[in-house]
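Structure first, then comments.
6 protein chains.
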Amino acid sequence: MTLPTHLPYSGIATFARAPIVQPDGDWRATFAVLGIPFDIALGFRPGARFAPRALREASLRYVPPFSDLNGKVWLDPAHSSDPLFVDAGDVVLPSLEPELARERITQAARQVKARCRLPVFLGGDHSVSFPLLRAFHDVPELHVIQLDAHLDFTDVRNGTRYSNSSPFRRACEELPNLVHVTTVGLRGLRHDPEAAQAARARGHTLVPMEEVEANLEAIVTALPEGRNVHLSIDADAFDPAVLPGTSSPEPDGFTYALALRLIRGLVRRHRLVGLDLVELAPNLDPTGRSELLAARLLMETLSEVYDAGH
Amino acid sequence: MTLPTHLPYSGIATFARAPIVQPDGDWRATFAVLGIPFDIALGFRPGARFAPRALREASLRYVPPFSDLNGKVWLDPAHSSDPLFVDAGDVVLPSLEPELARERITQAARQVKARCRLPVFLGGDHSVSFPLLRAFHDVPELHVIQLDAHLDFTDVRNGTRYSNSSPFRRACEELPNLVHVTTVGLRGLRHDPEAAQAARARGHTLVPMEEVEANLEAIVTALPEGRNVHLSIDADAFDPAVLPGTSSPEPDGFTYALALRLIRGLVRRHRLVGLDLVELAPNLDPTGRSELLAARLLMETLSEVYDAGH
Amino acid sequence: MTLPTHLPYSGIATFARAPIVQPDGDWRATFAVLGIPFDIALGFRPGARFAPRALREASLRYVPPFSDLNGKVWLDPAHSSDPLFVDAGDVVLPSLEPELARERITQAARQVKARCRLPVFLGGDHSVSFPLLRAFHDVPELHVIQLDAHLDFTDVRNGTRYSNSSPFRRACEELPNLVHVTTVGLRGLRHDPEAAQAARARGHTLVPMEEVEANLEAIVTALPEGRNVHLSIDADAFDPAVLPGTSSPEPDGFTYALALRLIRGLVRRHRLVGLDLVELAPNLDPTGRSELLAARLLMETLSEVYDAGH
Amino acid sequence: MTLPTHLPYSGIATFARAPIVQPDGDWRATFAVLGIPFDIALGFRPGARFAPRALREASLRYVPPFSDLNGKVWLDPAHSSDPLFVDAGDVVLPSLEPELARERITQAARQVKARCRLPVFLGGDHSVSFPLLRAFHDVPELHVIQLDAHLDFTDVRNGTRYSNSSPFRRACEELPNLVHVTTVGLRGLRHDPEAAQAARARGHTLVPMEEVEANLEAIVTALPEGRNVHLSIDADAFDPAVLPGTSSPEPDGFTYALALRLIRGLVRRHRLVGLDLVELAPNLDPTGRSELLAARLLMETLSEVYDAGH
Amino acid sequence: MTLPTHLPYSGIATFARAPIVQPDGDWRATFAVLGIPFDIALGFRPGARFAPRALREASLRYVPPFSDLNGKVWLDPAHSSDPLFVDAGDVVLPSLEPELARERITQAARQVKARCRLPVFLGGDHSVSFPLLRAFHDVPELHVIQLDAHLDFTDVRNGTRYSNSSPFRRACEELPNLVHVTTVGLRGLRHDPEAAQAARARGHTLVPMEEVEANLEAIVTALPEGRNVHLSIDADAFDPAVLPGTSSPEPDGFTYALALRLIRGLVRRHRLVGLDLVELAPNLDPTGRSELLAARLLMETLSEVYDAGH
Amino acid sequence: MTLPTHLPYSGIATFARAPIVQPDGDWRATFAVLGIPFDIALGFRPGARFAPRALREASLRYVPPFSDLNGKVWLDPAHSSDPLFVDAGDVVLPSLEPELARERITQAARQVKARCRLPVFLGGDHSVSFPLLRAFHDVPELHVIQLDAHLDFTDVRNGTRYSNSSPFRRACEELPNLVHVTTVGLRGLRHDPEAAQAARARGHTLVPMEEVEANLEAIVTALPEGRNVHLSIDADAFDPAVLPGTSSPEPDGFTYALALRLIRGLVRRHRLVGLDLVELAPNLDPTGRSELLAARLLMETLSEVYDAGH
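Chains as they are written, first to last, in my numbering: chain A, 238 to 547; chain B, 238 to 547; chain C, 238 to 547; chain D, 238 to 547; chain E, 238 to 547; chain F, 238 to 547.
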């Protein structure tokens with residue numbers, strides 16, 4: 238009889254039951270998880286600060302290895318020489334002080350990135366993508382692929398340049414190596430005209446949600462193969478029916494299957510150098526399915542990265 | 238740097254931050270909103286009385302003008318000579334007394350209708366559509382287009398003629414100018430045979446949900462162009478996955494996109510004279526996405542009306 | 238004026254307002270409902286113990302007869318010589334003692350099965366399908382058709398052979414007459430390789446969710462017509478957007494319409510001898526739509542059985 | 238080993254597992270329960286329509302007999318010649334029609350009252366106490382003792398004479414035998430001055446909450462012993478900390494112990510002829526403790542009545 | 238028959254149905270309400286941003302005038318020459334920028350304070366008390382009386398000087414006229430020793446919760462009569478049983494009655510120049526009783542202020 | 238400026254941020270925490286399986302050292318030679334198999350107990366106290382002090398001897414060194430007469446809740462000083478108003494202050510050898526205050542143990 242192991246609700250919750258490390262510790266891993274429980278830069282319903290813990294807990298329903306009905310196995314720690322996963326905990330953030338918070342996020346992200354094949358960042362609101370991207374200042378020709386209902390390329394929103402509406406605007410200003418942004422899933426009702434114009438002027442690719450399904454292949458192949466890509470997944474890219482736990486839902490978004498198809502295509506074609514999942518607000522979904530879906534998506538994405546082998 | 242404005246959760250909540258008026262005051266506007274917090278005529282789970290306030294709050298995420306990724310702008314108050322929106326508050330209703338309540342609803346609706354291009358009524362359960370429609374007794378050849386999972390054309394339900402199952406039956410009886418009803422999205426399990434027969438005998442158009450998508454164009458063009466239309470949107474027309482906050486959900490309803498396509502077609506082809514959104518029960522959806530979707534739908538509908546210009 | 242009857246929230250809740258009987262009482266009926274409020278064999282979020290009562294309450298929105306927009310009537314008690322429905326209550330279960338619980342479930346299921354055309358079992362977690370199936374030991378060439386995100390054919394999970402991951406493994410071991418299992422809707426991430434191999438070795442049909450829609454006809458006709466079928470519906474077969482109230486949701490499952498199409502095909506082609514609905518956890522869905530959908534599904538399934546007449 | 242019996246969440250929920258009867262059936266019992274799922278006469282948060290079922294379910298944690306730590310046993314069905322409990326279900330109510338509803342409530346209450354030692358009425362909002370009291374028109378010198386945060390003696394509220402603010406005003410007008418009302422627990426902020434004056438003019442006893450504890454004995458002995466008493470318990474008499482599930486909570490109300498002490502004193506001194514518990518709104522308390530407390534209070538009250546023997 | 242008026246859930250929600258004014262408008266009033274929906278300076282569970290709207294809605298159950306069982310009337314607008322109440326809306330706040338936010342809060346507070354007898358501020362987290370108090374820089378010998386479980390006198394918390402742990406430290410530093418702070422209800426587990434020492438060094442009065450009841454009179458009379466007092470009520474001063482909707486609850490706090498007794502004593506003895514209620518998080522209390530209690534407390538406090546007449 | 242540290246919602250949640258150890262690892266500590274996420278032995282509402290994680294998270298608001306308003310410091314890790322806390326994670330439990338589960342609980346408890354001054358066990362339902370107590374078989378003259386609404390000394394409940402109604406009965410049978418049980422807070426309505434008699438026959442002390450406050454000193458001094466005590470705290474000992482998150486609440490229980498006074502007295506007089514907190518069901522309290530109170534109680538209890546020094 239097999240030995241009992243922890244059921245998903247049992248045991249101290251680290252991501253996929255990975256060992257805990259310090260961001261600046263002495264470790265190497267294929268995938269390293271870092272939480273950024275920061276949500277004071279959003280403009281509607283808070284709660285993304287609770288996402289890193291919720292994702293850790295949800296990940297325990299999806300601990301690798303995975304296997305399909307034919308016995309094919311993915312993401313098998315037993316076949317990996319390196320540790321497959323480590324959990325670097327959460328960035329230690331100050332209260333309130335946004336600039337200091339951004340510094341600490343960038344610093345921890347740099348430390349984690351230097352020690353693993355792919356860092357996996359658990360937001361937090363979308364403003365954290367800016368300090369996270371600063372950790373990639375040394376990546377040649379960096380591309381961002383963003384799944385999102387909103388553009389998040391606004392210069393100034395309501396008196397600030399650092400809200401969750403502006404991360405990619407700031408990143409493009411500060412990172413000369415960030416050459417291109419592809420935003421997929423757009424369907425807000427009040428797109429900032431200046432932001433859209435600025436994005437287009439930079440040559441960014443903007444794909445409204447209603448055009449995604451018909452153009453999936455084209456979106457995947459729009460970039461020449463083998464680019465260095467940071468993938469940023471905003472929870473509100475998803476249809477609120479499948480992922481209601483987010484601050485600013487917009488109807489008619491991604492299903493899980495469609496998002497996975499897009500991500501698979503991108504991951505197989507390009508080299509993922511960074512990955513963040515943001516704007517998940519577990520407190521807004523009492524059914525718990527939002528974090529379960531997000532955790533599964535991360536796991537299947539990482540399986541693809543591992544299989545792609547580049 | 239732009240001046241800060243209210244975030245959606247800030248400020249006294251009027252619809253789209255419109256100025257407050259009295260239904261019988263001295264004002265003119267393109268769109269005037271009137272709430273009818275009445276829900277004692279439904280037969281299952283109450284809560285629609287809370288909808289007018291919830292819709293006002295949700296509308297603050299969708300305050301016009303709107304703009305697309307190409308910079309096109311809709312519903313721009315700056316380009317409007319008239320005030321675009323006013324909020325006429327809620328009808329002052331008695332406790333319990335249904336007949337008095339209906340009188341007051343009709344009276345307030347008449348007052349509002351007389352002062353604006355299009356009155357927008359926020360229910361309330363579906364029984365309020367009858368007293369609302371009485372305010373349109375003077376509209377020549379009035380058509381009702383109803384998005385609904387249920388027929389709501391029952392003569393008597395459980396001892397009453399004025400429940401949320403009967404508004405259109407009563408309206409057809411009392412309003413000689415109400416010449417036709419189109420009901421789209423039907424998928425209840427216990428359609429009242431007498432009601433269906435009566436509706437068909439009057440020549441009404443009844444479209445089951447499973448036939449909507451394939452026949453969208455036909456539904457839109459079924460009526461000769463330019464009819465005077467009151468549009469009544471029951472929240473349970475929507476799929477409960479996308480709008481769970483309603484008393485009597487039925488599976489497999491409208492997505493947001495499909496509803497919007499239908500409404501756009503209708504609004505462009507006909508002249509909307511009245512609009513109600515009913516049976517939204519915010520207390521039944523702790524994720525808050527039900528009222529956000531409904532508020533966005535109203536805003537996009539009004540954009541179309543404004544653009545249609547008739 | 239019609240006499241008032243109970244609204245759905247009124248009156249003691251028996252399934253479809255059926256008379257109450259004892260499982261071993263002196264009665265005959267077309268359909269007999271039996272609840273099994275047992276949920277200690279699942280490995281994640283409990284609550285299925287509350288499903289039998291929740292389904293009884295939800296069934297009151299869908300009390301037969303049903304009628305469509307053309308006046309066609311189904312499941313009309315008035316046209317039935319036998320009582321159409323009885324409610325046999327819940328199995329009286331011990332605390333904690335799993336083996337004793339299984340015995341009592343089998344015994345009560347046998348008693349109910351002997352007195353009706355079709356027993357309808359309301360779980361409980363999926364482990365109850367094993368003791369339920371034992372009541373069908375005397376059915377020649379029994380087939381199981383299972384709608385489920387997971388295989389539930391695991392030999393041993395976490396130290397036990399009787400969890401909700403193993404009911405069909407146990408049933409196949411103990412019931413020589415159980416000749417075949419068809420599992421439709423599979424989409425877990427960690428299918429047990431040994432279980433999948435064992436199922437395939439027995440010739441079971443395993444249909445991943447993404448292949449269901451394209452192969453609906455083939456799934457229905459895979460078995461020669463007229464088989465004796467026990468239909469087991471796991472709530473997690475459904476998309477969590479439409480049925481969030483379940484312990485272990487997996488994204489991208491059945492819509493209501495698709496499930497109904499599949500079930501209709503199966504019911505018309507085969508002879509349903511047993512039906513269970515399991516893993517519904519009403520406590521995990523504060524909107525209440527999960528049990529409403531499940532109750533409606535049961536009612537439409539029974540309409541089909543009744544119409545099929547075999 | 239003892240035979241298993243139903244756990245509280247198991248089995249069809251009748252009050253205390255009592256047999257089901259029709260209000261006008263052929264039965265006799267000591268206590269008969271009747272539900273009145275009517276809540277359209279309240280002016281704030283609905284949900285009392287769900288109370289009868291919630292109380293039935295909660296009662297299953299408190300099924301008699303009861304026993305203390307010394308082995309003393311109360312309310313033992315085994316020692317009762319008559320059936321101790323029956324459950325007469327809910328009054329069959331029309332939709333919306335308040336007057337018809339009141340008639341049916343009075344009629345069913347009369348039928349139940351005629352067949353038992355003490356009818357136990359489960360509201361419903363407080364407006365139902367008026368039609369319930371009409372069933373006691375033949376009781377000589379009827380006294381009402383009311384536990385309530387509010388006076389409920391208003392003549393007209395917001396256009397109606399039959400809301401949950403007026404039941405005792407109407408009862409005093411229509412029932413010449415209703416000689417006196419004692420209201421205990423008053424602590425609203427906007428007592429209707431006319432109502433207070435009218436109550437005092439009739440000689441009613443009004444006890445503010447802050448005077449209850451110090452005057453408990455005096456309240457009990459204010460009436461000469463042996464009066465015929467209808468006890469009406471409004472859920473908002475309780476402190477919202479201990480019973481949050483009610484439409485209009487007011488801080489600093491009864492604890493359970495204090496309410497029980499008062500009720501015990503009254504029940505031992507007088508003859509209880511009727512009992513109602515109203516304004517319980519289970520939908521407003523997700524912890525479920527409101528209905529558990531109310532069910533326990535009913536059970537302990539009935540124990541006292543049984544012991545008092547008069 | 239009296240004319241219907243709005244029920245509490247009806248009508249656009251301004252505080253106590255007061256007219257809306259701009260903070261810098263042309264108006265005078267006895268009481269003016271200003272909301273500060275700012276909650277990014279707290280260190281645990283957000284939600285206080287939703288409090289101003291929730292308090293406005295809850296206030297509608299407690300619209301003056303009030304009257305007791307003897308017909309005595311308080312806070313009667315009919316007997317007031319000035320407008321009794323105005324609602325100045327919420328401060329228009331920037332996203333994220335804490336310093337700019339504090340400036341705007343102070344500015345709006347000054348404007349409101351200059352136009353009324355007593356400004357009533359609705360937080361927001363407790364950090365807003367610092368910018369609010371800056372509006373009282375011109376009040377001679379200002380005293381703060383603070384009801385709170387925590388000291389909120391910390392110099393620096395987790396890298397910031399402006400969190401909700403520091404408002405009174407900052408205020409004492411910047412306002413020479415702030416001569417004394419009385420903090421009542423202390424019961425945290427980790428009082429900052431430096432903060433306690435600093436407060437004592439300034440001569441502040443610190444009263445642990447367990448000493449409040451026995452020393453109520455002493456607390457009230459500790460200050461010489463007639464001081465200018467700003468009263469700051471932290472929602473976590475209350476027992477979480479009576480007010481669960483707050484970020485950082487601590488057991489065994491104020492009951493409503495005890496808080497009201499203390500406040501009455503203070504208000505009668507001193508001159509209230511400012512009043513804030515902070516740290517109410519309506520999203521954390523699904524029963525809604527937290528905001529109802531807070532709204533009632535404000536109303537009864539204002540009644541006392543009005544009666545005191547100074 | 239102090240360095241930022243984690244806010245309570247940040248960082249991987251171990252109890253009080255303690256280092257993680259294996260139960261059988263190479264470590265020593267003053268206090269060691271072990272979770273037992275087992276809740277299939279209760280008879281009403283499940284959820285205690287979620288308590289160990291919830292308590293870990295809640296403990297992060299109460300990380301020692303603690304300090305009062307006078308600067309006195311408790312439980313200061315800086316002044317401790319040994320590690321003050323370790324977190325031994327949760328017992329690895331099988332699915333369903335109760336006997337195997339009990340074995341593993343006893344084994345892990347023994348391992349933890351052998352390595353620390355005081356093991357702190359986080360249930361789980363109350364059935365876990367039996368396997369936990371087996372780990373204390375070698376403690377001379379063991380006393381159990383139990384805070385509980387219910388006796389939990391039943392021989393057989395509903396077919397099982399191992400439910401959460403029987404832990405102390407089983408422990409007394411199997412542990413000759415368990416000489417005495419004191420149960421404080423009893424207030425169930427259906428005390429098992431046989432259990433009460435058996436407890437009294439063994440000389441146990443049974444204290445009903447209503448006698449606790451008046452007899453606090455007597456309860457504390459009932460045992461001769463210096464006994465070896467295992468303290469078992471059932472969450473339902475508390476008043477449901479202050480701790481609603483528990484399966485089977487009973488009104489009028491302990492306040493936090495009263496429980497703490499009792500525990501302080503006991504801890505100072507006796508030698509605590511074991512401590513468990515059970516029956517906390519975080520899923521039943523959406524306000525989160527239940528686990529916050531329980532975590533604080535544990536922390537203050539441990540402070541007393543540390544100070545007592547024996």
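Glycine included, every Cβ here is placed at the ideal spot set by N, Cα and C.
Completely contained beta strand (DSSP E) runs for the stretch 445-527 of chain A, where each covers 3 or more residues: Here the runs fully enclosed are 465-471, 508-515.
message = Determine, for Phe491(F), whether the minimum Cβ-Cβ distance to residues of chain D falls below 8 Å.
response = For Phe491(F), no CB of chain D lies under 8 Å from its own CB, so it is not counted at the interface with that chain.
- Residues of chain F with a CB under 7 Å from the CB of Glu183(C): which are they? No answer is possible for residue 183(C): it lies beyond the span of chain C, which begins at 238 and ends at 547.
message = Can you tell me whether His380(B) is buried or exposed? The criterion is at least 16 other CB atoms within 10 Å of its CB, across all chains shown.
response = By the neighbour-count criterion, in which 16 or more other beta carbons inside 10 Å mark a residue as buried, His380(B) falls on the buried side.
Requested in this report: Using a Cβ cut-off of 8 Å (strictly closer), state whether Ser400(E) contacts chain A.
Outcome: Cβ-Cβ to chain A under 8 Å: yes for Ser400(E).
Once DSSP output is grouped into helix, strand and coil, what is the label at Asp544(E)? In the structure shown, Asp544(E) sits in a helix (DSSP, three-state: H, G or I).
For Asp522(E), would you say it is in contact with chain F, using Cβ-to-Cβ distances shorter than 8 Å as the test?
Under the Cβ criterion of 8 Å, Asp522(E) is counted among the residues facing chain F.
How about Leu561(E) and Ala433(D): do their beta carbons lie closer than 8 Å? The shown model of chain E, from 238 to 547, leaves out residue 561(E), and the question about it has no answer.
Counting only Cβ pairs nearer than 7 Å, list the residues of chain D close to Pro486(F). Those are Arg526, Leu529, listed as they occur along chain D.
Item to check | Range covered by the beta strand (DSSP E) that runs through Ile273(A) | outcome: It spans 266-273 - the beta strand (DSSP E) in which Ile273(A) sits, taken as one unbroken run.
- Item | C-beta atoms of His507(D) and Gly463(D) nearer than 8 Å | Cβ distance < 8 Å, so His507(D) and Gly463(D) count as in contact.
Would you tell me roughly how many angstroms separate the C-alpha atoms of Met238(B) and Glu334(E), rounded to the nearest one? At Met238(B), the pLDDT of 47 sits below 50, so the modelled position is not reliable and the matter cannot be decided from this model.
Tell me the DSSP bridge mates of Gln199(A)? Outside the displayed span of chain A (238 to 547) sits residue 199(A), for which this structure offers no information.
Requested in this report: Using alpha carbons as the reference points, say which of Arg352(E), His243(E), Gly361(E), Glu411(E) lies closest to Asp261(E).
Outcome: The candidate whose alpha carbon is nearest that of Asp261(E) is Arg352(E).
#### Entry: Presumed contact (8 Å Cβ cut-off) between Gly482(B) and Met446(B), rounded CB distance
Actually they are not in contact, since the Cβ atoms of Gly482(B) and Met446(B) sit about 19 Å apart, beyond 8 Å.
Let me see if you follow: with CB-CB separation under 8 Å, is Pro445(C) close to chain A or not? Yes, Pro445(C) counts as interfacial toward chain A.
| message | As a quick exercise: from Cys409(B), Arg498(B), Ser485(B), Pro404(B), pick the residue whose alpha carbon is nearest that of Val449(B). | response | Nearest C-alpha to Val449(B): Arg498(B).
Practice prompt. Would you tell me roughly how many angstroms separate the C-alpha atoms of Leu369(F) and Ala494(F), rounded to the nearest one?
Written response: Rounded to the nearest angstrom, the two C-alpha atoms are 27 Å apart.
Confirm, please, whether the CB-CB distance from Thr343(A) to Gln383(A) is below 8 Å.
Taking 8 Å as the Cβ cut-off, Gln383(A) and Thr343(A) do not qualify as a contacting pair.
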